DNA sequence: TCTTGACTAGTTATCTTATAACATATTCCT
DNA sequence: AGGAATATGTTATAAGATAACTAGTCAAGA
Ligand SMILES: [Zn+2]
Ligand SMILES: [Zn+2]
Ligand SMILES: [Zn+2]
Ligand SMILES: [Zn+2]
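Chains as they are written, first to last, in this note's numbering: chain A, 6 to 167; chain B, 6 to 167.
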């Protein structure tokens, strides 16, 4: 769907991009017997609207506007479900959440965060993960989860004035 | 001082470890003309007491007990100074801060966080950083800062019961 | 059918983390 | 000494996250 992560920073047919990711997620949920309930589904759709990370309260506002509950746990629970099952990722550096571009596929994402436009891309991180494990090995540390995030400038924002 | 990051998870003379790091930081501050004032110095000492990350409010409590201000900005400002000048690191995953084990040396730290004992080690991340840049390259993304953190089990916590 | 248990979604209340804005004091340089 | 820059302190508030409880849904089994 976006195997190399190049989509987010390139101009593309985002309606198709969004719909594809959603359909993909639905198929995965179906296959795994997970209940993609209305709030959860809507939360995912909201995250899929842009290639940016959204704070839990941003998502909550949107959900509340649409008739779902207006209290923080509503958003946090939906997001927790999405993250737990691989439909979304949590971006620690931003205290925010973003839809996963590869739901259902095992992958270690590398997040590239543009400090100018807030764009977020999910690059393939297998090699980075391997080298992280190599770094941890000599210390006898057993890696279970990792977060790999970079802040910088996306191609579009590297232009003139910075 | 701990070039390979093995110290944190191994039993060692921590008094010497702490004093060495502090002395090193002082030398760096001196050389760079930075003012390691009493609050800042004390905040660093507090971080150096253990190989764990501390929340800003934990540091604040300690500072307040010792006669410094009791309001959040007191801790946040001291910590911001330490991070900005490379005497400490911010651990995003934990919303916490830890003393840097290599102040004054350019380095990309890889943080290894033990989920059982909260121990924190700072492994050398040059290779990981390089592979991250390689992952970002094809997207045309210019990396400026990165955070690389892993959660797992340190050698001591891999024992029997988990 | 009715009950029980698992799960979902809603609420109130509270906690933790972080920053804005302003006042005072200190330090550094001329 | 005077003035600029830096540092420390305050109050108040914003932003992010969770605990604890209540109630609705739904399917399996008595
Ligand atoms: Zn898109
Ligand atoms: Zn993903
Ligand atoms: Zn030590
Ligand atoms: Zn360091």
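Each residue gets a CB set at the ideal place from its N, CA and C atoms; glycine is no exception. Keep in mind it's a predicted model, so treat the numbers as computed, not measured.
Nearest CA to the CA of residue i: which residue from the options?
{"i": "residue 150/B", "options": "98/A, 146/A and 145/A", "result": "98/A"}
{"i": "residue 60/A", "options": "163/A, 84/A, 148/A and 22/A", "result": "84/A"}
{"i": "residue 27/A", "options": "136/A, 62/A, 10/A and 93/A", "result": "93/A"}
{"i": "residue 104/B", "options": "73/B, 148/B, 51/B and 36/B", "result": "51/B"}
{"i": "residue 64/B", "options": "101/B, 89/B, 116/B and 40/B", "result": "101/B"}
{"i": "residue 152/B", "options": "24/A, 47/A and 117/A", "result": "117/A"}
{"i": "residue 89/A", "options": "62/A, 125/A, 115/A and 40/A", "result": "40/A"}
{"i": "residue 138/A", "options": "47/B, 115/B, 139/B and 125/B", "result": "115/B"}
If we ignore side chains and look at the alpha-carbon of each, how far apart do residue i and residue j end up?
{"i": "residue 49/B", "j": "residue 15/A", "result": "43 Å"}
{"i": "residue 106/A", "j": "residue 54/A", "result": "12 Å"}
{"i": "residue 154/B", "j": "residue 33/B", "result": "26 Å"}
{"i": "residue 158/A", "j": "residue 91/A", "result": "26 Å"}
{"i": "residue 145/A", "j": "residue 20/B", "result": "23 Å"}
{"i": "residue 43/B", "j": "residue 31/B", "result": "12 Å"}
{"i": "residue 141/A", "j": "residue 160/A", "result": "32 Å"}
{"i": "residue 123/A", "j": "residue 156/A", "result": "10 Å"}
{"i": "residue 163/A", "j": "residue 74/B", "result": "42 Å"}
{"i": "residue 173/A", "j": "residue 95/B", "result": "Residue 173/A lies beyond the stretch modelled for chain A, which goes from 6 to 167, so this question has no answer here."}
{"i": "residue 119/B", "j": "residue 148/B", "result": "27 Å"}
{"i": "residue 58/A", "j": "residue 13/A", "result": "12 Å"}
{"i": "residue 86/B", "j": "residue 121/A", "result": "24 Å"}
{"i": "residue 136/A", "j": "residue 136/B", "result": "7 Å"}
{"i": "residue 10/B", "j": "residue 56/A", "result": "36 Å"}
{"i": "residue 62/A", "j": "residue 29/A", "result": "26 Å"}
{"i": "residue 125/A", "j": "residue 47/B", "result": "38 Å"}
Quick one: using the 10 Å Cβ neighbour count with 16 as the cut-off for buried, is residue i buried or exposed?
{"i": "residue 45/A", "result": "buried"}
{"i": "residue 127/B", "result": "buried"}
{"i": "residue 17/A", "result": "exposed"}
{"i": "residue 38/A", "result": "exposed"}
{"i": "residue 143/B", "result": "exposed"}
{"i": "residue 168/B", "result": "Past the boundaries of the shown model lies residue 168/B; chain B is included only from 6 to 167, so the question cannot be answered."}
{"i": "residue 36/B", "result": "exposed"}
{"i": "residue 167/A", "result": "Caution applies to residue 167/A, whose pLDDT of 41 falls short of 50 and renders its modelled position unreliable; the value that the coordinates give is listed next. Label assigned to residue 167/A: exposed."}
{"i": "residue 24/B", "result": "exposed"}
Stretch pair the segment 62–77 of chain A + the segment 107–117 of chain A: three plus CB contacts closer than 8 Å: no
Cβ-based contacts, 7 Å cut-off: residues of the segment 56–77 of chain B near chain A: none
Cβ contact check for the segment 126–143 of chain B and the segment 74–82 of chain B: 3 or more pairs under 8 Å: no
Residues from the segment 33–55 of chain B in contact with chain A, defined by Cβ distance under 8 Å: none
Exercise answer, beta-carbon shell around ligand 5 heavy atoms below 6 Å: With respect to ligand 5, the structure offers nothing, as its ligand set consists of ligand 1, ligand 2, ligand 3 and ligand 4.
Residues in the segment 146–166 of chain A having any Cβ partner in chain B nearer than 7 Å: 146, 147, 148, 149, 150, 151, 152, 153, 154, 155, 156, 157, 158, 159, 160 and 163
Where the segment 14–32 of chain A meets chain B: residues whose CB sits under 7 Å from a CB there: 14
Contacting positions in the segment 102–133 of chain B - beta carbon closer than 8 Å to chain A: 115, 117, 119, 120, 126, 128, 129, 130, 132 and 133
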